[in-house]
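Note sheet for the following structure.
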Amino acid sequence: MLALDPDRVYCHADLKAQGLSQARIAAMVRGERLLRPRQGLYLSPASSASATTAAAAGGRLACTSLLAERGVFVLDRGDVHVQVPPHTTRLRPTPGVRLHWAPLRRTPPPRSLRVEVFDALLQATICQTPRAAIATLDSAVNLGLVDEEGLDELFRLVPRRRRGLRALVDGRCESGPETFVRLLLRALGLSFECQVWIDGVGRVDFVVEGWLVIQCDSRAHHGGWQAQVADRRRDLALAARGYASIRPVAADIFADAPALGRVIVAMLQKIGPRTDNTPAAPARRARSRRMGADPRRPSGMLSSTGNG
1 MLALDPDRVY CHADLKAQGL SQARIAAMVR GERLLRPRQG LYLSPASSAS
51 ATTAAAAGGR LACTSLLAER GVFVLDRGDV HVQVPPHTTR LRPTPGVRLH
101 WAPLRRTPPP RSLRVEVFDA LLQATICQTP RAAIATLDSA VNLGLVDEEG
151 LDELFRLVPR RRRGLRALVD GRCESGPETF VRLLLRALGL SFECQVWIDG
201 VGRVDFVVEG WLVIQCDSRA HHGGWQAQVA DRRRDLALAA RGYASIRPVA
251 ADIFADAPAL GRVIVAMLQK IGPRTDNTPA APARRARSRR MGADPRRPSG
301 MLSSTGNG
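Numbered per the UniProt record's numbering, the sequence shown spans residues 1 to 308.
Structure below.
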């Protein structure tokens, strides 16, 4: 039985070397036991749809498309991102495919369908909006796909306008929505902790100003009824310990984070910090009042909405 690696491409000579005749190759393609995304290139039918699209476009899976396959958070999964050789000229535009031409920093195996993770992260840091790029990097750090040394190298290679994002990467965030909320809280000048353990409750995403718990909900982890029951019980346990809890959903965080910021500021203005005997409390209240009028622009660096 022919065993094909789903992570690489094969040429006609590769298949002939495995004992397949031209007629046999043609029969396998007709029977969909062998994919031919491009003239002279063949893939295992177990190859992913995105990788097959990349091969059909004449390149390798790259940027956010590769990272999504590895479980890294990416905000937009629409187009398939494809790395092509820098001097390739005869490629037709393909709907739903975004090409990357810049030379790679890591050399993938010769027949690999994918660029290396480092190059995908470098591409995604440039290709996405600043907030989305930080969320992707947070996720990659959390998953152990890049370390501090790798981040330092990556940010030496990005355009100068993106290098300031390095200080904002925090691998404690376990999801894209958490990163977006963390950046919002930081821009509002609020005192907060992330990934906090509360006895009798467990770990929560954020504790703001000592008493406001923010849990970032997504369908993946909070969709079923049993999960919702558990969430409600956690909220009651938090209330019993003097915490208020809000649960913004991921879609709303991504679509209108400033609206969430206004809600948070309004709550803090009405109730204030949990304790008044901490030296930073008056300053936090002053910051909350200053930011309350317009939390629509979380920070100058992150206000850009283009791909950059």
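Backbone N, C-alpha and C fix where the C-beta goes; we use that ideal spot for every residue, glycine too. Just so we're clear, the structure is a prediction, and the values are computed from it rather than from any experiment.
The three-state reading of DSSP puts Gln83 in strand, counting E and B together. Ser175 is the residue among Gln128, Tyr243, Gly164, Ser175 whose C-alpha sits nearest the C-alpha of Asp138.
Check the Cα spacing between Ser65 and each of Leu41, His100, Leu34: the tightest is with His100. With 16 or more other CB atoms across the displayed protein chains lying within 10 angstroms of its CB, Leu238 is buried.
Between the alpha carbons of Thr179 and Arg131 lies a gap of roughly 8 Å.
For Pro37, the enclosing beta strand (DSSP E) stretches over residues 35 to 38. In terms of Cβ geometry, Val208 and Leu183 do not form a close pair [threshold 8 Å].
For Phe192, the pairing in a beta bridge is given by DSSP as Val208.
Only residues of its own chain outside the window of five on either side were considered, and among them Val29, Tyr42, Leu43, Ser44, Pro45, Ser47, Thr52 have a CB closer than 8 Å to the CB of Leu35, listed in chain order.
A Cβ-Cβ distance of about 18 Å is found for the pair Cys194 and Arg166, leaving them out of contact under the 8 Å criterion. With respect to the 8 Å criterion, Arg247 and Gln226 are not classified as neighbours on the basis of their beta carbons. Looking at the DSSP output, His100 sits in a beta bridge with Gln83.
Cα atoms of Val82 and Arg60: separation of roughly 5 Å, rounded to the nearest angstrom. When the Cα atoms are used, Val263 and Pro86 turn out to be separated by approximately 48 Å.
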